[in-house]
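Its first residue numbered 120, the sequence shown is counted upward by one per residue in our numbering. No residue lacks a Cβ here, since even glycine has one placed at the ideal position from N, Cα and C. Have a look at the structure below, then the notes.
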Amino acid sequence: DTNTPDSEEHYRKHVFFPVMDRVVAEMERRFSDDDSKPILKSIAACHPDSTDFLDMDVLRPMIEAYKVDHTASLGSQIDVCKLLIAKALVKPTEMLDVVSLLKPPAGFPDLRRLLQLALTVPVANVAAERSFSSMRTIRTYVRSAMKEERLSGIAILNVESEVASQVDVDKVVNIF
Numbered sequence: 120d121t122n123t124p125d126s127e128e129h130y131r132k133h134v135f136f137p138v139m140d141r142v143v144a145e146m147e148r149r150f151s152d153d154d155s156k157p158i159l160k161s162i163a164a165c166h167p168d169s170t171d172f173l174d175m176d177v178l179r180p181m182i183e184a185y186k187v188d189h190t191a192s193l194g195s196q197i198d199v200c201k202l203l204i205a206k207a208l209v210k211p212t213e214m215l216d217v218v219s220l221l222k223p224p225a226g227f228p229d230l231r232r233l234l235q236l237a238l239t240v241p242v243a244n245v246a247a248e249r250s251f252s253s254m255r256t257i258r259t260y261v262r263s264a265m266k267e268e269r270l271s272g273i274a275i276l277n278v279e280s281e282v283a284s285q286v287d288v289d290k291v292v293n294i295f
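Laid out in structure tokens, this is it:
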């Protein structure tokens with residue numbers, strides 16, 4: 120029958136091309152010149168290897184977006200932090216190293232909050248997007264053929280695929 124596509128052609132049209140279209144669209148959305156880019160630059164400026172490390176002009180979009188500088192002393196906190204780094208025996212190589220260098224914590228409330236935001240914001244967004252993406256993928260294939268409990272279980276397996284890949288499937292099958 121000439122109307123029935125072979126599996127490779129069917130896969131290409133119904134899986135590969137839609138996935139590639141989605142990847143391209145997401146890349147354009149995430150890396151285009153829009154309002155989120157200054158915040159991404161601000162996050163990058165929190166890393167000690169950045170050429171803009173703790174530059175107030177670069178940090179400003181993040182400071183304003185998250186309302187970090189409550190006491191208008193962030194500039195002073197940054198100046199003291201840079202002095203601490205200059206005098207440190209071991210130079211920080213990661214943002215977390217910079218946070219651990221800021222002692223006492225009460226002396227750097229705004230800078231610690233800014234660095235904590237820089238450490239957590241991207242991770243939180245990626246995890247949430249991955250969960251929704253996984254759910255969308257799973258739901259597409261099994262649309263209404265499964266109950267909520269099974270869908271939830273499969274979604275967890277998909278999101279936690281690294282842990283799931285370590286499970287011995289034969290043992291699980293033998294238990295059931």
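- Contact check between the segment 160-179 and the segment 204-223: three or more CB pairs, one atom from each, fall below 8 angstroms, which counts as touching.
- The beta carbon of L221 is closer than 7 angstroms to those of C200, F227, L230 and R231 in its chain, skipping five residues each way along the sequence.
- Taking 4 residues as the minimum length, the alpha helix (DSSP H) runs contained wholly in the segment 184-221 are 193-206 and 214-220, in order along the chain.
- Judged by DSSP in its simplified three-state form, Q235 adopts helix.
- With a 10 Å radius around the Cβ and a threshold of 16 neighbouring Cβ atoms, D140 comes out exposed.
- When only Cα atoms are considered, V288 and I294 end up about 10 angstroms apart.
- Between the alpha carbons of I162 and V142 lies a gap of roughly 24 angstroms.
- Between the alpha carbons of P180 and P157 lies a distance of about 6 angstroms.
- DSSP places A283 inside the alpha helix (DSSP H), whose first and last residues are S280 to A283.
- A buried status is given to Q196, since no fewer than 16 other beta-carbon atoms sit within 10 Å of its beta-carbon.
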